[in-house]
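Contents: one structure, followed by commentary.
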């Protein structure tokens, strides 16, 4: 698994400030550049403007959720971020939930509570995708 994430820009999305802070600290401690967003709408704006290497999004958020976000991202043209590699963070772990998450456009499903080594490994793998 990957232990360092130098030169990887990660957009992290979660509506819970404490979780957003923990994820940001975890990723930064492994060398990643992190941009944080508290809503799916804000994340979409940031993704289009900043073009991060990886999108890491919570699934359950009020108003607009992770499914809304990944649907909007995948609808973007490739040169506007539509192909941004993405992982979903969620407490949902049933096989049908995992299948729906992957069909929606996320490449990885990361179960909560988040294991730091898994998180860093997944972000490292996603950053390798063209």
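Numbering (the numbering used here), first residue to last: 22 to 151.
Quick reminder that beta carbons are idealized off the backbone N, C-alpha and C, glycines included.
Within 8 angstroms, do at least three Cβ pairs link the stretch 31 to 40 to the stretch 52 to 68? They touch, by the three-pair rule.
Using a 10 Å radius around the Cβ and a threshold of 16 neighbouring Cβ atoms, would you call residue 82 buried or exposed? Against the chain shown, residue 82 aligns to sequence position 61. Buried.
How would you call residue 48, buried or exposed, if buried means at least 16 neighbouring beta carbons within 10 angstroms? What you label residue 48 is simply residue 27 of the chain shown in a count that begins at 1. Buried: at least 16 other Cβ atoms inside 10 Å.
Separation of residue 117 from residue 87, as counted between CA atoms: The residue you call residue 87 lines up with position 66 of the chain shown. The residue you call residue 117 lines up with position 96 of the chain shown. If you take the alpha carbons of residue 87 and residue 117, they lie about 16 angstroms apart.
If you measure between the beta carbons of residue 90 and residue 65, is that distance less than 9 angstroms? Position 69 of the chain shown, counting from 1, holds the residue named residue 90. Position 44 of the chain shown, counting from 1, holds the residue named residue 65. Yes, the pair counts as a contact, with Cβ atoms nearer than the cut-off.
Between which two residues does the alpha helix (DSSP H) carrying residue 78 extend? Start at 1 with the first residue of the chain shown, and residue 78 comes out as number 57. First-last for residue 78: 75 to 79, but that is the beta strand (DSSP E), not the alpha helix (DSSP H).
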